[in-house]
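Notes follow the structure.
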Amino acid sequence: MAHVKLYDGAGDEKARRTQDNIRRSLGALPATFQAMGRSGAFLQSMLQLEDAAGKNLDEQVRQLIALAVSAANGCSYCLLAHRALALKAGASDEEVSGALEIAAMMSAYNTFNKAIGLEHDITPEAADAVASAAG
Numbered sequence: 001m002a003h004v005k006l007y008d009g010a011g012d013e014k015a016r017r018t019q020d021n022i023r024r025s026l027g028a029l030p031a032t033f034q035a036m037g038r039s040g041a042f043l044q045s046m047l048q049l050e051d052a053a054g055k056n057l058d059e060q061v062r063q064l065i066a067l068a069v070s071a072a073n074g075c076s077y078c079l080l081a082h083r084a085l086a087l088k089a090g091a092s093d094e095e096v097s098g099a100l101e102i103a104a105m106m107s108a109y110n111t112f113n114k115a116i117g118l119e120h121d122i123t124p125e126a127a128d129a130v131a132s133a134a135g
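Below is the structure:
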C-alpha cells in the first residue's frame with residue numbers, strides 16, 4: 001500500500017498527458033508513475049533521466065542492471081517490475097537468476113566490508129592495472 005496519494009489522471013495537465021503516454025506504451029500505469037503524477041514537470045524529468053541513463057546499453061542489459069539494483073535495494077515492487085521488463089526485453093530465466101546472484105554476492109561483500117570497517121586501499125591506477133591484466 002502506498003503511503004502517498006496516487007495521481008492517476010488527477011495531476012496537472014502535463015502529468016495526465018504523460019501518464020496517458022505511459023499507459024499506451026506499457027498497457028498499464030504502474031503505481032510508481034501514479035505516485036509521481038502530481039506534477040508533470042517532475043514526472044517528465046524522471047522519465048528523461050530514465051531515457052538518458054545507460055543509453056549505450058541495450059534494453060535487456062539495462063533491465064538486468066535495474067533488477068540487480070532493485071534486489072540490492074530490497075524493493076519487491078521494483079524487483080517484480082524489472083524482472084518482467086527484463087524477460088520482455090529478451091532475457092532468459094537463467095540471465096535473470098544470474099543478475100540476482102551477482103546482486104546477492106555484491107551485497108554480501110558490501111556487508112562484510114562494512115562490518116569490518118574496511119577502508120579502500122586501492123588507487124585508481126592499481127584498479128586500472130588489475131583491469132588491464134584481466135583483459
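Taking the working numbering, I'd label the letters of the sequence shown as residues 1 to 135.
Virtual Cβ for every residue (Gly too), placed ideally from N, Cα, C.
N-terminal and C-terminal residue of the alpha helix (DSSP H) that residue i is part of
{"i": "valine 61", "result": "59-73"}
{"i": "lysine 114", "result": "93-115"}
{"i": "valine 4", "result": "From DSSP, valine 4 is part of no alpha helix (DSSP H); its letter is neither H nor E."}
Integer-rounded CB distance, given that residue j should sit under 8 Å from residue i
{"i": "leucine 85", "j": "valine 96", "result": "Not a contact, Cβ separation roughly 11 Å."}
{"i": "glutamate 59", "j": "alanine 81", "result": "At roughly 14 Å, the Cβ-Cβ gap does not stay under 8 Å, so glutamate 59 and alanine 81 are not in contact."}
When you compare the region 96-107 with the region 57-73, are there three or more beta-carbon pairs, one atom per stretch, that lie closer than 8 Å?
Counting C-beta pairs with one atom in each stretch, the region 96-107 and the region 57-73 have three or more that are closer than 8 Å, which means they touch.
Output the residue ranges of the alpha helix (DSSP H) runs that lie fully inside the region 16-55 and measure 4 residues or longer, sorted by chain position.
Those alpha helix (DSSP H) runs which fall completely within the region 16-55 and span 4+ residues are 31-35 and 40-52.
Can we say the region 56-64 touches the region 10-30, given the rule of at least three CB pairs closer than 8 Å?
The region 56-64, when compared against the region 10-30, does not touch it at the 8 Å Cβ threshold.
Counting Cβ pairs, one atom from each stretch, are 3 or more of them under 8 Å apart for the region 5-23 and the region 37-45?
Counting Cβ pairs under 8 Å, three or more are found: they touch.
Does the pairing of the region 39-55 with the region 69-84 give three or more beta-carbon distances under 8 Å?
When C-beta atoms of the region 39-55 are compared with those of the region 69-84, fewer than three pairs fall below 8 Å, so the two segments do not count as touching.
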